[in-house]
Structures are given as C-alpha cells and as structure tokens.
Amino acid sequence: MDRKSLIGLLLIGGLLIAYSIWTRPSKEEIAANQFRRDSIQQVEFDRKLEALKVQQEQDSIAQKETSSTNNDLKQDNRERELGSFAALAEGEEKYITLENDKLRILISNKGGQIYSVELKEYQSWDKQALILFEGGDHEFNLKFFADNKAIATQNLFFVPQSNVDQLDATNRKQSIAMRLQAGDGKYMDFVYSLEPESYRLGFEIKMNGMDQVLGRANPFIDLDWSYPLKQQERGAKFEGQYSNIYYKYFEDEVGHLKGGRTGKDGYEDLPTKVKWIGFKQQFFSSVLLAEDHFTSATISTSNMPEESGYLKLCSSTISIPVDSKPSVTIPFSFYFMPNHFKKLKELGHEFSELVDLGWPFISWINKWFVINIFHYLEKGIGNYGIIIIILTILFKTVLLPLSYKSFVSGAKMRVLKPQIDEIGKKFSKDKAMEKQQATMALYKKAGVNPMGGCLPMLLQMPIWLALFRFFPASIELRQQSFLWATDLSSYDSILTLPFTIPAYGDHVSLFTLLMAISMAITTKINMSQTDTGQGMPGMKMMTYLMPVMMLFFFNSYASGLSFYYFVSNMITFLQMTIIKRSINEEKILKKLNQNQKKEKKKSSFQSRLEKLARERQQANKPKKKR
1419 MDRKSLIGLL LIGGLLIAYS IWTRPSKEEI AANQFRRDSI QQVEFDRKLE
1469 ALKVQQEQDS IAQKETSSTN NDLKQDNRER ELGSFAALAE GEEKYITLEN
1519 DKLRILISNK GGQIYSVELK EYQSWDKQAL ILFEGGDHEF NLKFFADNKA
1569 IATQNLFFVP QSNVDQLDAT NRKQSIAMRL QAGDGKYMDF VYSLEPESYR
1619 LGFEIKMNGM DQVLGRANPF IDLDWSYPLK QQERGAKFEG QYSNIYYKYF
1669 EDEVGHLKGG RTGKDGYEDL PTKVKWIGFK QQFFSSVLLA EDHFTSATIS
1719 TSNMPEESGY LKLCSSTISI PVDSKPSVTI PFSFYFMPNH FKKLKELGHE
1769 FSELVDLGWP FISWINKWFV INIFHYLEKG IGNYGIIIII LTILFKTVLL
1819 PLSYKSFVSG AKMRVLKPQI DEIGKKFSKD KAMEKQQATM ALYKKAGVNP
1869 MGGCLPMLLQ MPIWLALFRF FPASIELRQQ SFLWATDLSS YDSILTLPFT
1919 IPAYGDHVSL FTLLMAISMA ITTKINMSQT DTGQGMPGMK MMTYLMPVMM
1969 LFFFNSYASG LSFYYFVSNM ITFLQMTIIK RSINEEKILK KLNQNQKKEK
2019 KKSSFQSRLE KLARERQQAN KPKKKR
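Start counting the sequence shown at 1419; every next residue gets the next number (my numbering).
This is how it looks when you write it as structure tokens:
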C-alpha cells in the first residue's frame, strides 16, 4: 500500500468516528428510550397477569362446581349404599382408654371396636409391652341388613356417649357406650365395661328401635372377629405349635381347630350352638363368650411368615340371634388373659382347657398330680430350676420300685446269658425259630419273664408324656431364669450359629446337649446290663440313635423340659449304680438254677391245650391200609 492510499483510509476512519459521535443520542434521550421500553414490557406483563387471574378464577369456579358435584354424587352413593347410616361414613378417628391394674384397652370411635389390648402384668420376649393386637390388625365387624342395604359397622363412626377420653377402673367399675345413630331415636350401642382386678371386659350390644331398621326377615346378624397372633415368645416356630382357635359348644366339651398344631391352614364349620370362641397363643388367650349362645360359627387359621412378627391369622364368622323387639340387649364378655391353669379354673366356663396338657389320661395326671405338686413347691421355693429338680426327684422316687424291678429282670437275663449262648451253638442260622423257642423255654423254666424289664418302663411312660406336655404349657416358667437359661419356657442358647441347620436351627441349646449326652450314657449302661445277645441289631442301632434324634427334636423346645430330662437321666444313672451294687448276681443265678430243677406243675388250661394238640396230631396221622 502506497502513502496516498494510507492517508485516504485514515481520513475515512476519522470521518466515521466523527459521524458516530455527532449522531450519538444524549443521556436524556437514552433514558427516555429505556423508559418507553420498560413501559411497554410492564403493560405486557400486566396484561398477562390479568389474563392469568381470570383463568384462575374460572378454574376455581369450575373446581368448586366439580367438587360440589362430586360431593353430591358421593353423598348420593353413600345414601344408596348405607341408607340411614350415610352420615356416619366420614369422621375423625379418636380413642378412649379403659384400664385397670391388669388391662389397658383402647376403644376407637371408628367401628366402635377395640383398637388395642395390653396385658400390663407381662412383657414380650424382647421386654416390650405385651400387646395382643393393635390398630388395623384387629377386625370386629358387625354385619346386617338395614333397609335392604348391607351395613358393616367397621366402616362407620360411632359417637361416644361420654366426653372423657380415659377411664380408670382400678378402684371401681367403669363403662363407656359407643353409639351408632340411625335417626329418629333409632340407634345401636356398643357398651364396654371393666371392673377392678379383672381380665374380663364386659360387652353389650344394645338396640333401640332397630327392629324398624333391621326388619323381621332374618333373626340373625353376623359378626366377623379376627386378628393375627403376634409373636410374644422367643421361639416363633415353637410358639406357633401351641397357638390355635379353641371353642366350646353350648352344652358340650371344649374343642379346637383340627390340625392347628400341624403348621397347615385350617378351617372348620361349627353348625350348632357355641358358647365361646378363643384365639389362643402359647401363654395368652383372647376369648369372646356369649352370655347365652352363638347360633353357629365358622373358624379358620392361616399361617404367616416367621419374619413378619406374627404367628398365624385367626378368623371367625359368628351368627348372633336377635329378637325382633323395639328394645334388645345382647350381652357378651371378652376375656384377655394369661393361660394360667389355676386362674382359668377359677374363671370357669371350662377356660382351663385352653392349657393343652395332653390326651385325656395324660391330662388327668397333670391336672391332679403334677400341677398340684408344682404349685405346692412354688409356695416355698422361688427358684423354678430348683423346683424342677425337686419335682424330678419326687417322681423318680415314686417310680423307683418299677425301676428296681426292671433292673432285676435285666440281671436275671444277664446271668442266663452263658446258657443262652449254649443254646445258640446247638442251632444253625436257618433254625432261628427253634432257637427262639428253646430260649423261651429256658426263660420259662428258670422263672424269668423276658418282658419284665419293659413293662415297668411302659408304666413310667404316662408320667414321661405328662411332663412333656406340662412344661411347655406352664406360664409359671415364662421368663424365669436358671443358670445360663434366661427363659425356662423357651430354648437356652450358648452359641448362635452363622447359619441354619435343617431340623436343628441356628443355635446350640446346652440343656438339650446335656440331655442327649446323659441319655446316651444311661442307654449304653442299660443296654450293657440287659444284653443277652438275642436282641435285634437294628433295634440296638435305633436305641443309640435316639439321643441324636432328641438333640435335633428338643433344640428349640422349652429349656425347662430339657433340663428336667437331663436331671431325670442323671438320677436314673445314680439309681442304676446303687441298684447294681445292691444286687448279688450269684444269688440270682443260684435261684434260677434251682427253679430249672423244679418240675413245673402244669395248669389245667395248659394240660387241656397239650391234650388237644396230641389228639389233633393223632388225627392227622395217615391210617394204615389193611
């Protein structure tokens, strides 16, 4: 670029700069322009805001109209579904507390039903308040037809007939009425009452003018009563085995839902009059009792997952007779109580049958002997482990004559073993029958009963079974500690395993281990004392396997039961040692040899049998041909 061109460009640039400066607006003009732009934006914003307000007003009006329409439709639906009870379909749930020194009960205005029940004298296995049920777990639903409409009381709000929210029945009886208003002086009341020092909660259904509402077509109303049984003890599986639905027919004995201890769901129809129905756990029960009777009922149970914290769902549908009168009162009673045999016996109504003490004969031993002795010892001894020891000693002492007889019988068979061995040498293996006959002949000649050792053991079996049912059913042992066991009604655990062994569990029970070891020792000694070489090898193997089987079976059982068997086995060992030293086997053998030399006088019956045998043998001989 030459000098002239450069000068030209600089002149043009200077002219452009001068022009821009000359044409630039002043500060006043800039401010005025900015004001105009802001004014335009504000007007636009105000216009949009006004339009939004108009739209919101229109939406609000439309919403109100829709809500009003929906409410009208909802109300119409309620009136169609509930009739006179339509106004009671909505409300705020509130609670009234009714308690004495034993029970704390919450009653809800929704459904007029019991919301929760707490037994104040007890705690759950993890030291929490012992609550039988609470909240939505419990269903108490009266179902009936009113003006041809199906009514369920659990969906309706009752009106408390008192302004108090807490009633204390520690010193005097307290009552509360929950009213279901049907209009025009027609209503239904649920009346609850509680007395001092009582497990009984009085319950009445009072109807006034309800005959006009219910009609006369059906003289019955149905009641759905159900709730899941909460886990209260340490071992849920073991507790579940003792949880079931019990019932009593109006003029008959107490029964229970079949298969309740099998772990399967159950269902049963009770077609005749029923006096009471009870949801029973291992140590606690809830019972609904009719002052007169229930017409019929259906009951069912369904198992729940162990990790849920519940055992099984107990359900019942009960038919209640209703008189077609202007004023009707139907009295009932709730019992929320521990399964303490003596206390249940005092309450009557055959509630004591809720304590499962075994089959009739076994139950009779427990009711008349074991329980009475146990409670007698309980009066003077505070430690239940010591009580178990003393109880075991008492029963082993009573059974000592049978044990002695059994041991002597074993000693007789033992001293005859050389002679039995000689008989065995005379017969080959294919002549087992002849060998057995010869052995039995020896026993008979020596005056030895081969079953003499088994019979005393069989006579002891009822007591063994009675105590087997007594300890797991005894609430007295619940949460009572002894040595390392913290709860004699549940299993003791000295080691928690990081895994679960099938049929055994995830823990090691020391009492069960000691029981199995002591059982193995006493079994071995007993087998050595009675071994004559004639036993079945398979039977011997089963005898030795029994302690191992018991180890698996009892690992999750009540530690009090395992402790009892351990003490019993140790006493048996001691008795066997003492009896063995007191018996002179040489004298026994001498006496048995003398018996063999004596000619046994045949009984008339035996003589007749031998005569018949000879005559039959003679008749069966082939006749010689002439």
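The C-beta atom is built at its ideal place from N, Cα and C for all residues, glycine as well.
Query: D1490 burial status per 10 Å Cβ neighbour count (16 or more: buried); Result: Since pLDDT at D1490 reaches only 49, below the 50 mark, its modelled position is unreliable, and no value is offered.
Query: Residue(s) in a DSSP beta bridge with L1619; Result: L1612 and F1752
Query: For A1587, the three-state DSSP class (helix, strand or coil); Result: coil
Query: Inter-residue Cα distance where the pair is S1534 and N1784; Result: 34 Å
Query: Buried versus exposed call for T1487 [16 or more other C-beta atoms within 10 Å across all chains shown]; Result: Confidence at T1487 is low in this model, with a pLDDT of 48, below 50, so the placement of that residue should be treated as unreliable; the coordinate-derived value is given next. Label assigned to T1487: exposed.
Query: Beta-carbon gap between E1669 and K1676 smaller than 9 Å; Result: no
Query: Three-way DSSP call (helix, strand, coil) for S1486 in this model; Result: Note on S1486: pLDDT 49, under 50, position unreliable in the model; the coordinate value appears next. Of the three classes helix, strand and coil, the one that applies to S1486 here is helix, per DSSP.
Query: V1773, buried or exposed, once every other Cβ within 10 Å from all chains shown has been counted against 16; Result: buried
Query: Opening and closing residue of the beta strand (DSSP E) in which S1534 lies; Result: I1532 to Q1541
Query: Local conformation of S1742 per DSSP, three classes; Result: coil
Query: Exposure of F1638, with buried meaning 16 or more beta-carbon neighbours within 10 Å; Result: exposed
Query: For L1932 and W1902, believed in contact at Cβ under 8 Å, the rounded distance; Result: That pair is no contact at about 11 Å.
Query: Start-end ranges of the alpha helix (DSSP H) lying completely within the region 1633 to 1709, minimum 4 residues; Result: 1654 to 1659
Query: Anticipated Cβ contact below 8 Å, S1403 with Q1584, distance rounded; Result: There is simply no residue 1403 to check, as the chain begins at 1419 and stops at 2044 in what is shown.
Query: Helix, strand or coil at M1625 according to DSSP, with G and I counted as helix; Result: strand
Query: When D1565, N1581, D1640 and K1545 are compared against T1571, the one with the closest alpha-carbon; Result: D1640
Query: E1552 - containing beta strand (DSSP E), residue span; Result: A1547 to E1552
Query: Distance CB(I1523)-CB(E1539) smaller than 9 Å; Result: no
Query: Exposure of D1602, with buried meaning 16 or more beta-carbon neighbours within 10 Å; Result: exposed
Query: Simplified DSSP state of L1901, which is helix, strand or coil; Result: coil
Query: Proximity winner among P1880, A1507, I1532 and S1726, relative to N1573 (alpha-carbon distances); Result: A1507
Query: Test item: CB-CB of Y1802 and L1885 under 9 Å; Result: no
Query: Through-space distance from T1716 to P1646, alpha-carbon basis; Result: 17 Å
Query: Three-state secondary structure (DSSP) of D1607; Result: strand
Query: Helix, strand or coil at Q1493 according to DSSP, with G and I counted as helix; Result: Caution applies to Q1493, whose pLDDT of 47 falls short of 50 and renders its modelled position unreliable; the model cannot decide the point.
Query: Residues bridged to S1721 (per DSSP); Result: According to the sequence provided, residue 1721 is Asn. The question's Ser does not apply to it. According to DSSP, N1721 bridges with K1730.
Query: Own chain residues within Cβ distance below 6 Å of I1748, not counting five before or after; Result: I1623
Query: Neighbourhood of V1788 by C-beta distance below 7 Å, restricted to the same chain and skipping five residues each side; Result: A1884, L1885 and F1888
Query: Nearest to Y1667 (by Cα), restricted to the options F1702, T1914 and A1708; Result: A1708
Query: C-alpha gap between I1799 and T1815, whole angstroms; Result: 20 Å
Query: Buried or exposed by the 16-neighbour rule on C-beta atoms within 10 Å, applied to D1741; Result: exposed
Query: V1582, buried or exposed, once every other Cβ within 10 Å from all chains shown has been counted against 16; Result: exposed
Query: I1594, buried or exposed, once every other Cβ within 10 Å from all chains shown has been counted against 16; Result: buried
Query: Expected contact under 8 Å - CB spacing of V1926 and S1911 to nearest Å; Result: 7 Å
Query: First through last residue of the beta strand (DSSP E) which encompasses D1924; Result: G1923 to V1926
Query: Where I1939 sits in the DSSP three-state scheme; Result: helix
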